[in-house]
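Novice: Per the numbering used here, residue -8 is the first one in the sequence shown, and the count goes up by one each step. By construction, the Cβ of each residue, glycine as well, lies at the ideal position given by its N, Cα and C atoms. Structure in structure tokens, see below.
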Amino acid sequence: MRTPSEVAHRQVKRAASAGVGTILVGALLLMPSPGAAPVTVVTTTEDLAALTREVGGDAVQVDAIARGYQDPHFVEPKPSFILKLTRADLLVLVGRDLEIGWLPPLIQQSRNARIQPGAAGYLDASRTARILEVPTGPVTRAMGDVHALGNPHYWLDPDNGRRVAHDLLDTLSGLRPEQAAYLAQRFAAFDKRLADAERQWDAAFAPYRGTKVVTYHRSWSNFAARFGLEVVGYVEPRPGIPPSAAHTRDLVAEMRRLDVHLVIVEPYFDLRTPNAIARDAGAIVVELAPSVGGARGIDDYLSLFEHDLRVLMSAIDRTGGPHHHPQHHHDHHRE
Ligand SMILES: [Zn+2]
């Protein structure tokens, strides 16, 4: 899986040890092979666009369909989206049925053979990602559950971003073999920056691990698993199903029982129910960005995590810190 990145690392090391120096290494990283037209890439989300830019650099021209502040399950199709798809060499989608409500007709209406399912220019980015909550029974969208093929919000674990970036490396190299070395170096540089950032994020967030939260939609399963949040409930009774009075009552009772003081909300949901829940449960509402472009300043994949972790830590501090009920925890362990 890491082979091309290891190759690129070796190439950079060899260049450095041969005395070629950092200037040439930097130049290699900045220049795609001349003469080849950039790959025209359309992604369904801004996260996938950001990852494509990391790997593709000047060898790609990237355009996203949904904006990061929109609910990616429910995007209103526009004729301009079809136009984008008509011109695309490569379509990158989140998959796991995230876009099932709006993307298939757009692909069909584009009449672009390069990006039809099964073609070389159709990349379902979920194929190499670690997917949580995959149903064990027969696949069903019963009761309108929009996560019938597992949790599609997998890009919120940086290691899944790395896996998608690697898949983009393979896919783009297949479409432009002459750019393979350039793309491999871009991936290696991204991989290293991400790993360095993860070490910093882990160190900063360590005191906050174990914090119990409620989230509006089931968007944060991968994020929570990666950074050590404990999600104890959801404002939605099921993914994609709006809040109901009975479910809200139960949730408030559960939050009081478990001492939960944080309700995480995505930017595209009505705040009335979360605010009422927070008021009744003695919690606060915090808005996190589920995507690149979901808040001011989040313009690439790394700044998505930087933003969310910073906002989250500050919110946990405002609730009195992650472990502000030592007596409760003590009692719990004694039971
Ligand atoms: Zn969802």
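#1: Below 6 Å, is the gap between the Cβ of Pro230 and the nearest heavy atom of ligand 1?
#2: In terms of alpha-carbon separation, which member of Phe218, Tyr225 and Val51 lies closest to Arg190?
#3: So for Leu159, helix, strand or coil by DSSP?
#4: Can you grab the Cα-Cα spacing for the pair Gln99 / Pro198, in whole Å?
#5: Return the chain-ordered list of same chain residues with a C-beta closer than 7 Å to the C-beta of Leu89, the five sequence neighbours on each side being excluded.
#6: State the CB to CB distance for the pair Leu174 and Pro149, rounded to an integer number of angstroms; the pair is presumed to be in contact (CB under 8 Å).
#7: Taking the alpha helix (DSSP H) that Ala237 belongs to, which residues open and close that run?
#8: In chain order, what are the residue ranges of uninterrupted beta strand (DSSP E) at least 3 long that sit wholly in the segment 140 to 228?
#9: Can you give the Cα-Cα distance for Pro313 and Leu114, rounded to whole angstroms?
#10: Taking buried to mean at least 16 other C-beta atoms within 10 Å of its own C-beta, is Pro281 buried or exposed?
#11: Identify the continuous beta strand (DSSP E) that holds Val32 and give its terminal residues.
#12: Which of the three DSSP states is assigned to Ile14 in this structure?
#13: By the DSSP assignment, the alpha helix (DSSP H) with Ala306 in it spans what residues?
#14: Alpha carbon to alpha carbon, what distance is there between Tyr145 and Ala139?
#15: From Gly92 to Ala306, what does the alpha carbon distance come to, in whole angstroms?
Specialist: In short, the structure shows the following:
#1: yes
#2: Phe218
#3: helix
#4: 49 Å
#5: Pro63, His64 and Pro143
#6: Between Leu174 and Pro149 a beta carbon distance of about 20 Å is seen, past the 8 Å cut, so the two are scored as non-contacting.
#7: Ala236 to Leu249
#8: Fully enclosed beta strand (DSSP E) runs of no fewer than 3 residues occupy 203 to 206 and 221 to 225 of the segment 140 to 228, in order along the chain.
#9: 40 Å
#10: buried
#11: Val30 to Thr34
#12: With a pLDDT of 46 at Ile14, under the threshold of 50, the modelled position of this residue cannot be trusted; read the value that follows with caution. Of the three classes helix, strand and coil, the one that applies to Ile14 here is helix, per DSSP.
#13: Tyr292 to Arg309
#14: 14 Å
#15: 34 Å
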